[in-house]
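Here the structure is laid out as structure tokens; the discussion comes afterwards.
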Amino acid sequence: MGMSGLDYVQIGEKFRFAKTVGEVDVTLFAGLTGDFSDTHINEQYMREKSSLGSRIAHGALIVGYMSTVSTLSIAHIIHKDDLEDFPVSAGYDKIRFLRPTFLGDTVTTTYEVVEIDREGGKSLAKMECTNQRNELIAVGTHVMRWARKLHQTSGTPA
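Take 1 as the starting number for the sequence shown in UniProt numbering and just add one per residue.
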């Protein structure tokens with residue numbers, strides 16, 4: 001009998017991902033998503049019109065870092081031979097952007113497992129993103145669902 005990935009997930013486990021947000025990151029993200037808001041790509045506009053004084057990263061880019069750290073959280077589990085299920089992101093709850101992320105900021109995203117729901121086949125994690133000044137810039141909850149694998153039948157393929 002195989003194991004569920006949730007058998008390997010532990011409340012209190014923490015994972016981290018850190019990345020400095022550069023000019024290229026924001027420009028490529030704008031191109032990938034089609035979000036060419038002046039707040040992200042027009043430095044002059046932000047200097048003249050915004051109280052922030054400089055361009056900021058897309059909030060969805062920060063959510064991308066949340067996704068990265070969620071992947072790191074299951075990397076030590078997914079290739080175990082006895083698993084009968086596999087992880088899929090079921091989404092994010094209560095994401096809030098508390099402060100802007102400026103180009104040049106280093107964002108550290110922490111992922112902490114806070115709840116395991118074996119009956120529901122999922123785990124919840126608290127995510128916090130801070131900048132290099134240790135200011136909280138974004139928070140949210142990630143839901144990881146463990147889905148049953150399809151079992152192949154024995155015999156020759158048709």
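Glycine is no exception: its CB is placed at the ideal position from the N, C-alpha and C atoms.
Since this is a predicted model, take the numbers as computed values, not measurements.
If you run the structure through DSSP and keep just helix, strand and coil, what is residue i?
i: F36; result: coil
i: D117; result: strand
So the candidates are the options; which of them puts its Cα closest to the Cα of residue i?
i: G140; options: D7, S89, F97 and G31; result: F97
i: T33; options: V69, G64, R133 and I116; result: G64
i: K19; options: V88, T106, K149 and M3; result: T106
i: M66; options: G2, E112, D35 and G121; result: E112
Return yes when the Cβ of residue j is within less than 7 Å of the Cβ of residue i, no when it is not.
i: I56; j: G5; result: no
i: I137; j: T110; result: no
i: K122; j: V114; result: no
Mind checking which residues open and close the beta strand (DSSP E) that includes residue i?
i: Y92; result: D85 to F97
i: K126; result: K122 to T130
i: M144; result: L136 to R148
Just curious, the alpha helix (DSSP H) that residue i is in, first and last residue?
i: V69; result: G59 to I74
Please determine if the stretch 21-38 and the stretch 76-83 are in contact, where contact requires at least 3 C-beta pairs separated by less than 8 Å. Short answer: they don't touch.
Taking contact to mean at least 3 C-beta pairs separated by less than 8 Å, is the stretch 51-61 in contact with the stretch 139-151? These segments do not touch.
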